[in-house]
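Asks:
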Amino acid sequence: MAKKKDLSKATPWISAIGLFVIWELIVRIFNIPVYILPTPSESIMVGWDFRGAIWMHAVHTLYTTLAGFAIAVVFGVVLGALVGSSKAVYDAANPLLVGFNSVPKVALVPVLVMWFGIGTVPAIITAFLISFFPIVVNVATGLATLEPELRDVLRSLGATRRDILVKVGFPRAMPYFFASLKVAITLAFVGSVISETVASNLGVGYLMLSASSKFNMPLVFAGLLVIAVMGIAMYELFNIIERRSTKWANRGNPTN
Amino acid sequence: MTAVSKSFVELDNVRLRYSEGDDLALETTNMKINKGEFIAVVGPSGCGKSSLLKLVSGLMPPSEGTVIVDNKEVSGPLKIVGMAFQNPTLLPWRTTLDNVLLPMEIVKPHRNRLRKHRTEYEDRARKLLASVGLAGHEDKYPWELSGGMQQRASLCRSLIHEPDLLMLDEPFGALDAFTREELWDILQNLWMVRPFTVILVTHDLREAAYLADTIYVMSKRPGTILVQRENTLPRPRDQETTFTQPFTDLVHELRSHIRDVRAA
Numbered sequence: 085m086a087k088k089k090d091l092s093k094a095t096p097w098i099s100a101i102g103l104f105v106i107w108e109l110i111v112r113i114f115n116i117p118v119y120i121l122p123t124p125s126e127s128i129m130v131g132w133d134f135r136g137a138i139w140m141h142a143v144h145t146l147y148t149t150l151a152g153f154a155i156a157v158v159f160g161v162v163l164g165a166l167v168g169s170s171k172a173v174y175d176a177a178n179p180l181l182v183g184f185n186s187v188p189k190v191a192l193v194p195v196l197v198m199w200f201g202i203g204t205v206p207a208i209i210t211a212f213l214i215s216f217f218p219i220v221v222n223v224a225t226g227l228a229t230l231e232p233e234l235r236d237v238l239r240s241l242g243a244t245r246r247d248i249l250v251k252v253g254f255p256r257a258m259p260y261f262f263a264s265l266k267v268a269i270t271l272a273f274v275g276s277v278i279s280e281t282v283a284s285n286l287g288v289g290y291l292m293l294s295a296s297s298k299f300n301m302p303l304v305f306a307g308l309l310v311i312a313v314m315g316i317a318m319y320e321l322f323n324i325i326e327r328r329s330t331k332w333a334n335r336g337n338p339t340n
Numbered sequence: 205m206t207a208v209s210k211s212f213v214e215l216d217n218v219r220l221r222y223s224e225g226d227d228l229a230l231e232t233t234n235m236k237i238n239k240g241e242f243i244a245v246v247g248p249s250g251c252g253k254s255s256l257l258k259l260v261s262g263l264m265p266p267s268e269g270t271v272i273v274d275n276k277e278v279s280g281p282l283k284i285v286g287m288a289f290q291n292p293t294l295l296p297w298r299t300t301l302d303n304v305l306l307p308m309e310i311v312k313p314h315r316n317r318l319r320k321h322r323t324e325y326e327d328r329a330r331k332l333l334a335s336v337g338l339a340g341h342e343d344k345y346p347w348e349l350s351g352g353m354q355q356r357a358s359l360c361r362s363l364i365h366e367p368d369l370l371m372l373d374e375p376f377g378a379l380d381a382f383t384r385e386e387l388w389d390i391l392q393n394l395w396m397v398r399p400f401t402v403i404l405v406t407h408d409l410r411e412a413a414y415l416a417d418t419i420y421v422m423s424k425r426p427g428t429i430l431v432q433r434e435n436t437l438p439r440p441r442d443q444e445t446t447f448t449q450p451f452t453d454l455v456h457e458l459r460s461h462i463r464d465v466r467a468a
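Protein chains in written order, with the numbering used here: chain A, 85 to 340; chain B, 205 to 468.
1. Within 10 angstroms of the Cβ of P367 of chain B, are there 16 or more other Cβ atoms? Answer buried if so, exposed if not.
2. Here's the rule I'm using: 16 or more other beta-carbon atoms within 10 Å means buried, otherwise exposed. How should R356 of chain B be labelled?
3. Can you tell me where the alpha helix (DSSP H) with I202 of chain A in it begins and where it stops?
4. Could you confirm whether any beta carbon from chain A is found closer than 8 Å to the beta carbon of K283 of chain B?
5. Less than 8 Å separating the beta-carbons of V288 of chain A and H141 of chain A?
6. Suppose contacts are defined by Cβ-Cβ distances below 8 Å. Is L238 of chain A in contact with S127 of chain A by that definition?
7. Kindly say whether N340 of chain A, judged by its beta-carbon, lies nearer than 8 Å to any beta-carbon of chain B.
8. How far does the beta strand (DSSP E) with E268 of chain B in it extend, from its first residue to its last?
9. Can you tell which of A:L121, A:T204, A:V223, A:I269 has its C-alpha closest to the C-alpha of L163 of chain A?
10. Please list the partners that D32 of chain A has in chain B, where partner means a Cβ-to-Cβ separation under 7 Å.
11. Measuring straight from C-alpha to C-alpha, what distance separates M308 of chain B and S249 of chain B?
12. Determine, using beta carbons only, whether E326 of chain A comes closer than 8 Å to chain B.
13. For M287 of chain B, go through chain A and note every residue whose CB falls closer than 7 Å to its CB, in chain order.
14. Quick one: list the residues of chain B neighbouring P124 of chain A, beta-carbon separation under 9 Å, in chain order.
15. Which residue wins for smallest C-alpha separation from V402 of chain B, given the options B:M422, B:G427, B:L387, B:D373?
16. Along chain A, which residues have their Cβ under 7 Å away from the Cβ of Y222 of chain B?
17. Note down the Cα distance separating G253 of chain A from L103 of chain A, rounded to an integer number of angstroms.
18. Anything in the stretch 249-268 of chain A with a Cβ closer than 7 Å to a Cβ of chain B? List those residues in chain order, please.
19. Against chain C, does A94 of chain A count as a neighbour if the rule is that its beta carbon must be under 8 Å from one of theirs?
20. So, is H321 of chain B buried or exposed, given that buried needs 16 or more other C-beta atoms within 10 angstroms?
21. Is there contact here, the stretch 335-354 of chain B with the stretch 376-396 of chain B, by at least three beta-carbon pairs under 8 Å?
22. What residues in its chain sit with their C-beta under 6 Å from that of T270 of chain B, if we drop five residues either side in the sequence?
23. Which residues mark the beginning and the end of the beta strand (DSSP E) in which I325 of chain A is found?
24. If we cut at 8 Å on Cβ distances, does Y345 of chain B have a partner in chain A?
25. Could you give the distance in angstroms between the alpha-carbon of L121 of chain A and the alpha-carbon of V130 of chain A?
26. Short check: CB of T123 of chain A to CB of R112 of chain A, under 8 Å?
27. For chain A, check one thing: does any of its Cβ atoms lie closer than 8 Å to the Cβ of P307 of chain B?
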């Protein structure tokens, strides 16, 4: 039993290292030139050489992403609560939301630059715009899927709409909400890096763009790896928060 | 006091369609239920039994006719009704005790007193849980309880605020036969200690014969009451009652009514 557990803990590391090994081998066997695809070992070494710059840009990207994400959480919860608890708001907001979500956010960056100038502000807003949608949808779903029988029980006790929302709606929506945070945080990285790439002189996105203009492909890939690592770390963080705060919803597979 | 009618619940020429232009869900229905009476409604599935509950509890307005409860015409959800369904609908993030206390957080005047008199209310909930055999399970979560235990907790939740009117919509339908009959006894005991008016919707004819004072047989959709049968079997009824001749005769009689209804 203990062995099996150790193995399942090691699986993600094995698969990640395996991916790097295959990547390394393919590049070496087919002799792919470094300006097309560098080996992971080269990328990591170059990344280490540039660690000061990468650290500075990565911290900035993380800050930008988290700022956009924080706005998305507040906005998403409020809008999700409105959409999920009122049929009228749902009908009114749904086509707008879907339409808005279909617009590629990269197309909005130039607009944001016109409004706010180059730099951090458009990156924060892009991160927000790209990541609020799943939060709205999940919070709304959590609220809207209340069993009708339970609603009848509460209404026949004289419960107001607010009572039902507070006593049942919100607690019920929590697992949906936390699940959406995991998706939203990774999307927020996509948003901030896109904006940094197009219109900024700070952040990992900018770092990668300037590296590629100098044909420094290992540094570009080092940037990609840093983004991936930050994304995994944030995803894991929200995964842990989710499991801690909604134990009752994960009763099928005990977490300890 | 003006022209006080004796009955606690009265349906006067009630008809129901779910929306304008729809076919009738409930054909002209008249009912009189006394205070403290235990009635059962049986009938084929889809005959509008559950709609009847919604009408009486004010969750749905009648399309025609009037529903009167406690001498007042029902015009919105009554605020004093206890309800239990086939699905126990307990809240998974609350312990059994907190689930049972849920109505106290909503019903006036308890909702304003609950915080200050928490222990008093908890004792009351613990007593009620003990009376249905759930002592020692108060701090467990619903998923740690068996189906029968969840249904007992659900029954406690519907009774904790001592409602005058209890609505049961096939509450024991999903349970095994032994658990079901155990819960019949539990419900009968609770009701005999403090008589409240019960409307039980079921398609288990033995259940109706075991529990009810009066049994109503409903027709196919659009449902209406075809037979009103008094049940004078002595109380408390127990396992032995179900093997006596009058009990089996009653079940037989109800069965033949249902057969006629289904054939019609």
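Yeah, the Cβ is synthetic: ideal placement off N, Cα and C, and Gly gets one too.
Replies: In short, the structure shows the following:
1. Along the second sequence, one-based indexing puts residue 367 of chain B at 163. Classification of P367 of chain B: buried, given that the 10 Å Cβ count is 16 or more.
2. Start at 1 with the first residue of the second sequence, and residue 356 of chain B comes out as number 152. Its Cβ being crowded by 16 or more others within 10 Å, R356 of chain B is buried.
3. By 1-based counting over the first sequence, the position of residue 202 of chain A is 118. Looking at the DSSP string, I202 of chain A is not in any alpha helix (DSSP H), and its letter there is neither H nor E.
4. Position 79 of the second sequence, counted from the start, is the residue given in the question as residue 283 of chain B. Cβ-Cβ to chain A under 8 Å: yes for K283 of chain B.
5. Looking up residue 288 of chain A in the first sequence gives position 204. Looking up residue 141 of chain A in the first sequence gives position 57. Yes. Within cutoff.
6. As a first step, residue 238 of chain A is located in the first sequence; it is residue number 154 there, counting from the start. As a first step, residue 127 of chain A is located in the first sequence; it is residue number 43 there, counting from the start. Taking 8 Å as the Cβ cut-off, L238 of chain A and S127 of chain A do not qualify as a contacting pair.
7. Taking the first residue of the first sequence as 1, we reach residue 340 of chain A at position 256. Model confidence at N340 of chain A stands at a pLDDT of 37, short of 50, so the residue's coordinates are unreliable; what they give is reported in the following sentence. Taking Cβ atoms only, chain B never reaches closer than 8 Å to N340 of chain A, which makes this a no.
8. Taking the second sequence and counting its residues from 1, the one referred to as residue 268 of chain B is at position 64. Where E268 of chain B is concerned, the enclosing beta strand (DSSP E) stretches over 268-273.
9. Looking up residue 163 of chain A in the first sequence gives position 79. Here the closest residue by C-alpha is A:V223.
10. Since the displayed chain A opens at 85 and closes at 340, residue 32 of chain A lies outside it and no answer follows.
11. Numbered from 1 along the second sequence, position 104 holds the residue referred to as residue 308 of chain B. Numbered from 1 along the second sequence, position 45 holds the residue referred to as residue 249 of chain B. The alpha-carbon atoms of M308 of chain B and S249 of chain B are separated by roughly 34 Å.
12. In the first sequence, residue 326 of chain A corresponds to position 242, counting from 1. E326 of chain A does not count as touching chain B.
13. By one-based count along the second sequence, residue 287 of chain B stands at place 83. D236, V237, S240, listed in chain order.
14. Residue numbering aside, residue 124 of chain A sits at position 40 when the first sequence is read from its first letter. Per Cβ cutoff of 9 Å: no residues; P124 of chain A is ~44 Å from chain B at best.
15. For the purposes of this step, residue 402 of chain B is taken as residue 198 along the second sequence, with counting starting at 1. Answer by Cα proximity: B:D373.
16. Taking the second sequence and counting its residues from 1, one reaches residue 222 of chain B at position 18. In chain order: nothing, as chain A lies at least about 14 Å away.
17. Translated into positions along the first sequence, residue 253 of chain A becomes position 169. Translated into positions along the first sequence, residue 103 of chain A becomes position 19. Roughly 43 Å separates the two Cα atoms.
18. K251, V252, P255
19. Any reference to chain C falls outside this structure, whose protein chains are A and B.
20. In the second sequence, the residue the question calls residue 321 of chain B occupies position 117. Under this definition H321 of chain B is an exposed residue.
21. yes
22. Position 66 of the second sequence, counted from the start, is the residue given in the question as residue 270 of chain B. Closer than 6 Å at the Cβ level, and outside the excluded window around T270 of chain B, lie D216, E277.
23. To locate residue 325 of chain A, count along the first sequence from 1; it is residue 241. Here I325 of chain A belongs to no beta strand (DSSP E); instead the alpha helix (DSSP H) covers 301-329.
24. The count along the second sequence starts at 1 and reaches residue 345 of chain B at position 141. Closer than 8 Å to some Cβ of chain A, the Cβ of Y345 of chain B qualifies, so yes.
25. The residue you call residue 121 of chain A lines up with position 37 of the first sequence. The residue you call residue 130 of chain A lines up with position 46 of the first sequence. Using only the alpha carbons, I get a separation of about 14 Å.
26. For the purposes of this step, residue 123 of chain A is taken as the residue at position 39 of the first sequence. For the purposes of this step, residue 112 of chain A is taken as the residue at position 28 of the first sequence. Yes, they are a contact pair.
27. Taking the second sequence and counting its residues from 1, the one referred to as residue 307 of chain B is at position 103. So, interface residue.
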